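Please read the structure below before turning to the comments.
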Amino acid sequence: MTVKEYVKARKEEIKAYVSNLELKPHFVVIQVNEDAGSNAYVKGKLKDSDELGIKADLIKLPLDTSEEELLSLIDKLNNDSSIDGFIVQMPLPKQINEEKVKLAVSPLKDVDGFHPLSPLNPCTPQGIINYLHSENIEMCGANALVIGRSNIVGKPMAKLLLKENCNVTIVHSKTKFEDMARYIANADIIVIAIGRQAFLDNKYTYKDSAVIIDVGISRDETGLHGDALPNLPVKLQTPVPGGVGLLTRLALMENLIKIYNKNHQ
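Numbering (this note's numbering), first residue to last: 1 to 265.
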């Protein structure tokens, strides 16, 4: 099943579930940027919410918003019982500390799963794991390679793959070519989030049975591109666009439903 087909099927299930709820889940997005990628992503999140029958609001703040003002708004939403969950869209302006903001969001309303005490996982890694399960990809004992070590994708991805009993290796931009090539050739599952267009290409050797999950996205005059060259000789490769971005947005909605259920038990 393609990512689009999988996401469509899951959304139909969530939509049916929400339609039977008397009180609809309420989701809020705070945005303090004019970043083109963020605008597209926020638009997608609001569209998903509308499709699923979820109440969603966007609070768009001016770029000169102070850290104190943002933290005050977060505190207000933390204490608003009518709101099930909310996110603060990254990136933030330079005058606002992103780590301080992530810690300010209550773990009980942290739909992104960024707070260290959040019971939920970050959306991109969780969405990827869910998709691998849906495709019946054997993870127990598999050699999983994570290319990239960011706090948003690389590190939490490695942690979730370990929970699935994979043998996990993390490599990054400073890994030597010969080591990178050896790890790639031995990998059953490759998750790449390194931010380099077509980093994975035909100079590397892959297992025929390998799975490549392409998290990277970059734009040039020809359109959007991933960290992997399309159509590599592997069993399964997620496309860009139409791949991990959809899984991330789906996992966000699934996290919101989990929070809603906890709040309304």
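Beta carbons: idealized from backbone N, C-alpha and C, even for Gly. Remember, predicted model here, so these are calculated numbers, not experimental data.
| Nonlocal neighbours in the same chain, by C-beta distance under 8 Å from Gln89, ignoring five residues either side | Val29, Ile30, Gln31, Val32, Asn33, Ser38, Tyr41 and Val42
| request: Count the other C-beta atoms from every protein chain shown that fall within 10 angstroms of the C-beta of Gln126, then say buried if there are 16 or more, exposed otherwise. | output: buried
| query | Whose CA, out of Asp208, Thr238, Asn231 and Ala198, lies closest to the CA of Asp220? | reply | Ala198
| message | Quick check on the burial criterion: 16 or more other C-beta atoms within 10 angstroms. Buried or exposed for Pro25? | response | buried
| task | My understanding is that Arg149 touches His172, with C-beta atoms under 8 Å, so please give their C-beta distance in whole angstroms. | result | 5 Å
| Grouping DSSP H, G and I as helix and E and B as strand, with all else coil, what is Asn136? | coil
| field | Which listed residue (Leu224, Tyr204, Glu99 and Val168) has its alpha carbon closest to that of Gly242 | value | Leu224
| field | Straight-line gap, Val235 to Glu135 (C-alpha atoms, nearest Å) | value | Note that residue 235 corresponds to Lys in the displayed sequence, not to Val. Whole-angstrom Cα-Cα distance: 11 Å.
| query | Between which two residues does the alpha helix (DSSP H) containing Ala36 stretch? | reply | Ala36 to Leu52
| message | Using only the alpha-carbon positions, how far apart do Cys166 and Lys94 sit? | response | 38 Å
| said: Does the segment 7 to 22 come into contact with the segment 199 to 219, if we say contact requires no fewer than three beta-carbon pairs (one atom in each stretch) closer than 8 Å? | reply: no
| query | Taking the runs of the beta strand (DSSP E) that are 3 residues or longer, which of them lie wholly in the segment 74 to 134? | reply | 85 to 89
| If you draw a straight line from the C-alpha of Asp227 to the C-alpha of Asp188, how long is it? | 18 Å
| Nonlocal neighbours in the same chain, by C-beta distance under 7 Å from Leu162, ignoring five residues either side | Val168
| query | According to DSSP, is Gly223 helix, strand or coil? | reply | strand
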